[in-house]
Structures are given as structure tokens and as C-alpha cells.
Amino acid sequence: MASIKENRGFRNLRLSRWVTMQAVALLMLVPVASQAGSCLAPVRPFVPSDSQAARDYADIIRKDFEVYIADIQDYFRCLELERARAFEEAREVSQDYGRFLELVGD
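Under the numbering used here, think of the first position of the sequence shown as 778, with each following residue one higher.
Encoded structure:
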């Protein structure tokens, strides 16, 4: 009886490892999938209207602008990749539609 329980435990351990490996693989793909389907524009840097506050936080504000410039370049690249992907998909759909029309005799 004890060996049956040990076997079940071993099987559950193997199953648990398999589920864990699948979860890790899925999580590795999520950033790629989400990035491919949507390009999110970066948040515009905030500049205080008070000149004293702008001087007090000049280093932080400057860094925000530098981050924004890098992020907007990534955003433009993302948009270009998405445009190319959508264009290719539209071309394929157009070909599919042509084949469909041939099949139905239109």
C-alpha cells in the first residue's frame, strides 16, 4: 500500500513539473505576443509650470525626457512592424478571398 502512495506522489510530482514547465514557456511567450499585437505610446514627460520646481527637479525631468525619446523611438519601430504585419495579413486575406471566389464560382 505504501508503494502505491509513493507512486502516486511521484506521478503528481512529474505532472507538477510538467505544468510548471508549460507555465514558464507560456510566460516567456506573453511579452512577445502582447508586444506584437499592440504598440503603446509612452507617457509624455511632465514639466511643472513653476520655474523653481523645474529647477529643483531638473535632473529628474531631464531623465524623463531622455526616457521618453528612447521609448518613442521604440514605439515608432513597433508601429512600423505592426503596419508591415497588417499589410502582409491583408495581402494574404485578399488572396484567400480570391481563392474563395473561384471555389464558389463568383
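C-beta: ideal position from N, C-alpha, C; glycine also.
Handout entry: Inter-stretch contact (C-beta, 8 Å, three-pair minimum) for the stretch 847-854 and the stretch 873-881
Key = no
Handout entry: Contact check, P825 vs Y845, beta carbons under 7 Å
Key = no
Practice task
Starting from Y845, follow the alpha helix (DSSP H) in both directions and report where the run begins and ends.
Solution key: 835-881
Handout entry: Cα-Cα separation between L817 and I837, rounded to whole angstroms
Key = 23 Å
Handout entry: Helix, strand or coil at S828 [DSSP, three-state]
Key = helix
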